[in-house]
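Sequence lines, in order, name chains A and H. Position 223, counted from 1, in the first sequence is what my numbering calls 223; the numbers after and before it change by one each time, with no gaps. Position 9, counted from 1, in the second sequence is what my numbering calls 1009; the numbers after and before it change by one each time, with no gaps.
2 protein chains.
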Amino acid sequence: MATGRTHRPATRSRGIPEATVARLPLYLRALTALSERSVPTVSSEELAAAAGVNSAKLRKDFSYLGSYGTRGVGYDVEYLVYQISRELGLTQDWPVVIVGIGNLGAALANYGGFASRGFRVAALIDADPSMAGKPVAGIPVQHTDELEKIIQDDGVSIGVIATPAGAAQQVCDRLVAAGVTSILNFAPTVLNVPEGVDVRKVDLSIELQILAFHEQRKAGEEAAGDADAVPPVAARKQQQPSTDQGPDGDVPAVMPA
Amino acid sequence: MATGRTHRPATRSRGIPEATVARLPLYLRALTALSERSVPTVSSEELAAAAGVNSAKLRKDFSYLGSYGTRGVGYDVEYLVYQISRELGLTQDWPVVIVGIGNLGAALANYGGFASRGFRVAALIDADPSMAGKPVAGIPVQHTDELEKIIQDDGVSIGVIATPAGAAQQVCDRLVAAGVTSILNFAPTVLNVPEGVDVRKVDLSIELQILAFHEQRKAGEEAAGDADAVPPVAARKQQQPSTDQGPDGDVPAVMPA
DNA sequence: CCATCTTTGTGCACGCGTTCACAAAGACAT
DNA sequence: ATGTCTTTGTGAACGCGTGCACAAAGATGG
């Protein structure tokens, strides 16, 4: 479009498709790796391969941010890293609280990907009084009673819920009431939040079930005299006569803890 | 390399859309809860509310499985639980191996949602020799050298990667070579796998970045001229020149507890 | 300055997923 | 039986995301 100079954000971040937003972190990671290797520029083709996406898709994604590439050359790595970081809001510091310091909460607290992306663990919160004061990942755990105070004092707007399912909604309500407007939920429950609050969910159980579905499908086709697709990569025995475990007399609870 | 095609010919064999498959576990969870409360039947409206989706969508999803509802009444909870479980392949036993027993791997091993869904942790594997034999979640950790043997002996077809990013691809290759055809990846890396192998990725860093994007957008609008929802609390954020972000030593992400 | 070559940016078509809206199906009361 | 009432199952419209294909933009070389 108009021979606009390279510096022209032009259209604000108004119309960026959700799907594109979800891929920006992916591009950012690939670009960061290139940056560390001091690669000056990269073509859409190369970057797309590194990020595992289609090059046309990548170019279209970047087009929503503006015209940051140079035809015949590619994209300036450093510049793009900056632009994407800015667009994602990673040039500012985001204090985060983690509620529920069990196995998972501790793993999250130790997660290295936080700091390098502008996220800072402002506090670790747990309902168990015996945990209070105990340091996890170098940060002392605080009791739930302090929740509201912490959020307000530090201006926390992002909360991570890693509690058992049974406590999730209650914790969520308190976080929202205290001012949190974005929640990353690891508890296997559907959270109810007022309008204006974003919730993203991560659920291992669901991911595994989806894999199981496809796995079953693959096994079924294989056995059902095949059809098409999926050439036998490595014929091997895998299915053991699933001992008919009856009507799934399984474990009772979806379980909280 | 210009062709890292990771696409399948579309949802061919069975007509169930991918989006629907991804929601089935959600319905299953809601139904299981109802089942425990001995609720005999449920309408699409009620179940949809419990699962956090639109009722029309839910009905259409179920229509792909067949006509299991009764007009004027609703769906039989127990029957639907069985049908969905069967469709997802949860009526059989799925041995799973977890590779990389760090904070995250340990959290995964302790995850209670496994057993209740037909998943069984067949083995915990780590490259650190000093971990060998040490029990985690009641299961002794085994060394990477045993990987191939374990997979073949137990007929494992699902693998979970919870290693640092640097080791992920290598572990993935070994898993696939040994016979694994479904992988749940927690390492922040794009895995390259041959056709016929499914990979699902869980990445905490990406989820947080997406939240940050929306959070920034909300803050921006607020400043420009808000109008509705969410009372602005102390949305204070400190500035911090995103200087050097160090060795993006990204480590795995997360999972639900 | 012009020709050629590379790579971006995007118009367009297509397919998937979502949602609406309603006819058909069955339960239930009379 | 028959009518009414509830709720499913789905046809159809719509919108979003994806990928192709190509013209425009700019680099590069003569």
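Idealized CB from N, CA, C, for every residue including glycine.
Inset, instruction - Measure from the C-beta of Ser205 (chain A) to each C-beta in chain H and report whether the shortest distance is under 8 Å. - result: Counting from one through the first sequence, the residue named residue 205 (chain A) turns up at place 205. Answer yes: the Cβ-Cβ gap between Ser205 (chain A) and chain H drops below 8 Å somewhere.
Legend entry - Residues in the region 1153-1182 of chain H having any Cβ partner in chain A nearer than 7 Å: Gly1155, Ser1157, Ile1158, Gly1179, Thr1181, Ser1182
Legend entry - Cross-chain neighbours of Val1021 (chain H) in chain A, by beta carbon under 7 Å: Mapped onto the second sequence, residue 1021 (chain H) falls at position 21. Those are Ile210, Phe213, listed as they occur along chain A.
Inset, instruction - Tell me Pro25 (chain A)'s beta-bridge partners as DSSP assigns them. - result: In the first sequence, counting from the first residue as 1, residue 25 (chain A) sits at position 25. Bridge partners of Pro25 (chain A): none, in fact.
Legend entry - Runs of alpha helix (DSSP H) wholly within the region 1029-1076 of chain H (minimum 4 residues, chain order): 1044-1051, 1055-1065
Legend entry - Given Glu1148 (chain H) as reference, the closest of H:Tyr1075, H:Val1197, H:Gly1015, H:Val1097 once Cα atoms are compared: What you label residue 1148 (chain H) is simply residue 148 of the second sequence in a count that begins at 1. The shortest Cα separation from Glu1148 (chain H) among H:Tyr1075, H:Val1197, H:Gly1015, H:Val1097 belongs to H:Val1097.
Inset, instruction - Inspect the CB distances between the region 120-129 of chain A and the region 82-101 of chain A and report whether three or more fall short of 8 Å. - result: yes
Inset, instruction - Just the C-alpha distance for Arg1037 (chain H) and Tyr1079 (chain H), rounded to the nearest angstrom, thanks. - result: Residue 1037 (chain H) sits at position 37 when you count from the first residue of the second sequence. Residue 1079 (chain H) sits at position 79 when you count from the first residue of the second sequence. Rounded to whole angstroms, Arg1037 (chain H) to Tyr1079 (chain H) spans 15 Å at the Cα level.
Inset, instruction - Return the CA-CA distance between Ile1150 (chain H) and Val1156 (chain H), expressed in angstroms with no decimal places. - result: What you label residue 1150 (chain H) is simply residue 150 of the second sequence in a count that begins at 1. What you label residue 1156 (chain H) is simply residue 156 of the second sequence in a count that begins at 1. Computed Cα separation, rounded: 8 Å.
Legend entry - Residue(s) in a DSSP beta bridge with Arg1120 (chain H): Residue 1120 (chain H) sits at position 120 when you count from the first residue of the second sequence. Bridge partners of Arg1120 (chain H): H:Pro1095.
Inset, instruction - Would you list the one or two residues that DSSP bridges to Ser182 (chain A)? - result: Taking the first residue of the first sequence as 1, we reach residue 182 (chain A) at position 182. Bridge partners of Ser182 (chain A): A:Ile158, A:Asp198.
Inset, instruction - Would you mind stating whether Glu1215 (chain H) and Thr181 (chain A) have Cβ atoms separated by less than 8 Å? - result: Here residue 1215 (chain H) refers to the residue found at position 215 when the second sequence is read from its first residue. Here residue 181 (chain A) refers to the residue found at position 181 when the first sequence is read from its first residue. A contact, by the Cβ cut-off of 8 Å.
Inset, instruction - Step through the CB atoms of chain A and report whether any lies within less than 8 Å of the CB of Phe1119 (chain H). - result: As a first step, residue 1119 (chain H) must be located in the second sequence, where it is residue number 119. Chain A contact via Cβ: present.
Inset, instruction - Taking Val97 (chain A) as the query, report the chain H residues whose CB atoms sit under 8 Å from its CB, ordered along the chain. - result: Within the first sequence, numbered from 1, the residue matching residue 97 (chain A) stands at position 97. Those do not exist, as Val97 (chain A) stays about 12 Å from chain H at its closest Cβ, beyond 8 Å.
Inset, instruction - Give the secondary structure of Val136 (chain A) by DSSP, where H, G and I count as helix, E and B as strand, and everything else as coil. - result: Reading the first sequence from its first residue, position 136 is the one you call residue 136 (chain A). Three-state result, Val136 (chain A): strand.
Inset, instruction - Give me the Cα-Cα distance between Asp154 (chain A) and Ala122 (chain A), rounded to the nearest whole angstrom. - result: The sequence position of residue 154 (chain A) within the first sequence is 154, counting from 1. The sequence position of residue 122 (chain A) within the first sequence is 122, counting from 1. Going from the Cα of Asp154 (chain A) to the Cα of Ala122 (chain A) covers about 7 Å.
Inset, instruction - Identify the continuous alpha helix (DSSP H) that holds Asn103 (chain A) and give its terminal residues. - result: Within the first sequence, residue 103 (chain A) is the residue found at index 103, counting from 1. Residues 103-110.
Legend entry - Alpha carbon of Gly105 (chain A) to alpha carbon of Val1136 (chain H), nearest angstrom: For the purposes of this step, residue 105 (chain A) is identified with residue 105 of the first sequence, where counting begins at 1. For the purposes of this step, residue 1136 (chain H) is identified with residue 136 of the second sequence, where counting begins at 1. Those two C-alpha atoms are separated by around 17 Å.
Inset, instruction - Name, please, each residue of chain H whose Cβ falls closer than 7 Å to the Cβ of Asp198 (chain A). - result: What you label residue 198 (chain A) is simply residue 198 of the first sequence in a count that begins at 1. Per Cβ cutoff of 7 Å: Leu1211, His1214.
Inset, instruction - Between the Cα of Leu1031 (chain H) and those of A:Val199, A:Phe213, A:Thr189, A:Ser44, spot the shortest distance and give me the residue it belongs to. - result: Within the second sequence, residue 1031 (chain H) is the residue found at index 31, counting from 1. Here the closest residue by C-alpha is A:Thr189.
Inset, instruction - Please list the partners that Val141 (chain A) has in chain H, where partner means a Cβ-to-Cβ separation under 8 Å. - result: Residue 141 (chain A) sits at position 141 when you count from the first residue of the first sequence. Those within 8 Å of Val141 (chain A) in chain H number zero; the least Cβ separation is about 15 Å.
Legend entry - Coil, strand or helix - Asp1126 (chain H) by DSSP: The residue given as residue 1126 (chain H) occupies position 126 in the second sequence. Looking at Asp1126 (chain H) - three-state DSSP - the assignment turns out to be strand.
Legend entry - Listed by chain order, chain A residues near Val1193 (chain H) by CB distance under 7 Å: Position 193 of the second sequence holds residue 1193 (chain H). Simply none; closest approach about 10 Å.
Inset, instruction - Measure from the C-beta of Val1077 (chain H) to each C-beta in chain A and report whether the shortest distance is under 8 Å. - result: What you label residue 1077 (chain H) is simply residue 77 of the second sequence in a count that begins at 1. Output row for Val1077 (chain H): interface = no.
Inset, instruction - Sort out for me which residues DSSP pairs His214 (chain A) with in a bridge. - result: Counted from its first residue, the first sequence places residue 214 (chain A) at position 214. Beta-bridge pairing links His214 (chain A) to no other residue.
Legend entry - Within-8 Å CB hit, Arg1037 (chain H) to chain A: To locate residue 1037 (chain H), count along the second sequence from 1; it is residue 37. With 8 Å as the cut-off, Arg1037 (chain H) does not count as an interface residue toward chain A.
Inset, instruction - Check whether the Cβ of Asn1054 (chain H) lies closer than 8 Å to any Cβ atom in chain A. - result: Locating residue 1054 (chain H) in the second sequence gives position 54, where the first residue counts as 1. Asn1054 (chain H) does not count as touching chain A.
Legend entry - As assigned by DSSP and simplified to three states, the class of Val1171 (chain H): Counted from its first residue, the second sequence places residue 1171 (chain H) at position 171. Val1171 (chain H) falls in the helix class under three-state DSSP.
Inset, instruction - For Tyr1068 (chain H), return the contacting residues in chain A, with the cut-off set at a CB-CB distance below 8 Å. - result: Residue 1068 (chain H) sits at position 68 when you count from the first residue of the second sequence. Per Cβ cutoff of 8 Å: no residues; Tyr1068 (chain H) is ~17 Å from chain A at best.
Inset, instruction - Count the other CB atoms, across all protein chains shown, that sit within 10 Å of the CB of Thr20 (chain A); report buried if there are 16 or more and exposed otherwise. - result: To locate residue 20 (chain A), count along the first sequence from 1; it is residue 20. Result: buried.
Legend entry - Any C-beta of chain A under 8 Å from that of Arg1071 (chain H): Working through the second sequence from its first residue, we reach residue 1071 (chain H) at position 71. No, Arg1071 (chain H) lies away from the interface with chain A (no Cβ there is under 8 Å from its Cβ).
Inset, instruction - Measure the CB-CB distance between Ser205 (chain A) and Gly1118 (chain H) and report whether it falls below 8 Å. - result: Against the first sequence, residue 205 (chain A) aligns to sequence position 205. Against the second sequence, residue 1118 (chain H) aligns to sequence position 118. Going by C-beta atoms, Ser205 (chain A) is not nearer than 8 Å to Gly1118 (chain H).
Inset, instruction - Measuring only between beta-carbons, confirm whether Gly138 (chain A) sits less than 8 Å from chain H. - result: Position 138 of the first sequence, counting from 1, holds the residue named residue 138 (chain A). No, no contact with chain H.
Inset, instruction - Tell me whether Asp1145 (chain H) is buried or exposed, calling it buried when 16 or more other Cβ atoms sit within 10 Å of its Cβ. - result: Locating residue 1145 (chain H) in the second sequence gives position 145, where the first residue counts as 1. Exposed.
Inset, instruction - Grab me the residues of Thr1041 (chain H)'s own chain with a C-beta within less than 7 Å of its C-beta, minus the 5 sequence neighbours each way, in chain order. - result: As a working note, residue 1041 (chain H) is residue 41 in the second sequence. The answer, listed in chain order, is Val1073, Gly1074, Tyr1075, Asp1076, Val1077.
Inset, instruction - Report the neighbours of Lys1149 (chain H) on chain A: residues whose CB is nearer than 9 Å to its CB, in chain order. - result: As a first step, residue 1149 (chain H) is located in the second sequence; it is residue number 149 there, counting from the start. Correct list: empty, because the minimum Cβ distance to chain A is about 13 Å.
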